[in-house]
Amino acid sequence: MLYDYHLHSQFSADSEMSLTEICETAINKGLTEIAITDHHDPDYKDPTIEFLLNKKAYLAEIRKLQQKYKGKLKIKKGIEIGLQLHILTECNNYLTDDFDFIIASFHTAEKADLYNGDFFRDYNQWEAYLNYLKTVLAVVKVYQNYNVIGHLDIIRRYGEFVSKPDLLTNKTAVELISEILKIIIQNDKGLEVNTSGYRIDQKNPLPSFSILKLYHELGGKILTIGSDSHQPEQIAHKFKFTISKLKEIGFTELTTFTNRQPNFHKI
1 MLYDYHLHSQ
11 FSADSEMSLT
21 EICETAINKG
31 LTEIAITDHH
41 DPDYKDPTIE
51 FLLNKKAYLA
61 EIRKLQQKYK
71 GKLKIKKGIE
81 IGLQLHILTE
91 CNNYLTDDFD
101 FIIASFHTAE
111 KADLYNGDFF
121 RDYNQWEAYL
131 NYLKTVLAVV
141 KVYQNYNVIG
151 HLDIIRRYGE
161 FVSKPDLLTN
171 KTAVELISEI
181 LKIIIQNDKG
191 LEVNTSGYRI
201 DQKNPLPSFS
211 ILKLYHELGG
221 KILTIGSDSH
231 QPEQIAHKFK
241 FTISKLKEIG
251 FTELTTFTNR
261 QPNFHKI
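Just so we're aligned: 110 in my numbering is position 110 of the sequence shown, and the numbers increase by one with no gaps anywhere.
This is the structure we're talking about:
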């Protein structure tokens with residue numbers, strides 16, 4: 001059984017895939033369950049695009065497809081929420097109890113956008129990486145309304161740097177990531193394995209396998225896999241390879257969610 005737990009439809013400002021197109025592609029690729037996880041990113045720091053999800057219309061459309069594909073494909077109501085320290089109350093109020101699954105992601109840090117490069121302007125490469133991790137740590141210390149951290153080392157995707165080093169090659173980064181992982185494990189939260197990472201590093205998803213190994217060593221068990229797809233051909237990208245590598249690390253289960261509660265499946 002395969003599950004893709006990070007998919008973006010036309011309800012996200014950066015995707016044009018219809019929900020029907022996602023479902024049909026998922027079935028054709030042999031998936032048994034998916035989570036639609038469109039963006040809601042309040043106070044996103046790029047004025048050229050807005051990631052505010054029309055929750056009522058979005059959930060109504062998912063419910064229609066749940067009935068249409070009943071018996072063929074399980075479709076979970078998910079969301080990718082963009083967290084920042086100053087909007088946590090707003091995020092909490094928006095999420096309520098409407099979703100099966102919540103990805104906590106960090107697309108901005110220190111009120112600056114990662115994608116357009118604003119965050120990197122005053123830092124060298126490692127200063128940027130470490131300050132990003134400090135932002136993630138500050139949030140997970142005080143916020144728990146999510147299920148998994150999305151693409152934990154996404155900072156590697158951005159910035160105009162020649163190399164994209166694994167974050168665990170830096171001692172301070174190791175300390176920060178270890179603290180983040182210990183907190184999420186203690187709070188019964190998990191990590192997402194995001195296969196869009198292979199677009200920047202052919203050997204690793206996001207987070208890297210070295211970070212996933214550390215998570216396993218620290219006792220982490222909650223693990224979802226998602227393609228972060230915005231186009232049909234990206235759905236379930238390199239899942240079988242990724243799962244084989246997760247087995248090598250020592251993971252024996254992947255996680256799905258229903259009404260925010262984890263379900264564990266042997267791999």
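Glycine included, C-beta positions come from ideal geometry on N, C-alpha and C.
Predicted model only: the values in this text are computed from it and were never measured.
Asked: Touch test, the region 62-81 against the region 23-41, Cβ-Cβ under 8 Å, three pairs minimum; Found: yes
Asked: Alpha-carbon spacing of residue 108 relative to residue 194, whole angstroms; Found: 18 Å
Asked: Selection from 7, 86 and 207 that minimises the alpha carbon distance to residue 231; Found: 7
Asked: The region 183-203 in contact with the region 214-223 per 3-pair CB rule at 8 Å; Found: yes
Asked: Whole-number beta carbon distance between residue 249 and residue 211, since they are thought to touch under 8 Å; Found: With 8 Å as the limit, residue 211 and residue 249 do not qualify as a contact, their Cβ atoms being about 11 Å apart.
Asked: Bounding residues of the alpha helix (DSSP H) (the contiguous stretch that carries residue 128); Found: 125-140
Asked: Option in 132, 22, 114 and 159 with minimal Cα separation from residue 66; Found: 22
Asked: Alpha-carbon spacing of residue 115 relative to residue 139, whole angstroms; Found: 20 Å
Asked: Where residue 127 falls, given that 16 or more other Cβ within 10 Å makes a residue buried; Found: exposed
Asked: Nearest residue (CA-CA) to residue 153, options 145, 185 and 200; Found: 200
Asked: Cβ pair residue 214, residue 167 closer than 8 Å; Found: no
Asked: Alpha-carbon spacing of residue 119 relative to residue 83, whole angstroms; Found: 15 Å
Asked: Reduced DSSP secondary structure (H/G/I, E/B, other) of residue 105; Found: strand
Asked: Which of helix, strand or coil DSSP assigns to residue 162; Found: coil
Asked: Buried/exposed call for residue 89, threshold 16 Cβ in 10 Å; Found: exposed
Asked: Cβ-Cβ distance between residue 227 and residue 208 below 8 Å; Found: no
Asked: Unbroken beta strand (DSSP E) run spanning residue 223, endpoints; Found: 223-226
Asked: Residue 237 to residue 26 span [Cα, whole Å]; Found: 11 Å
Asked: Residue 53 and residue 11 closer than 8 Å at C-beta; Found: yes
Asked: Pick from 184, 144 and 258 that is closest to residue 93, judged by C-alpha positions; Found: 144
Asked: Distance CB(residue 182)-CB(residue 137) smaller than 8 Å; Found: no
Asked: Span of the beta strand (DSSP E), counted from its first residue to its last, around residue 192; Found: 190-194
Asked: Spatial distance of residue 64 from residue 70 (CA atoms); Found: 10 Å
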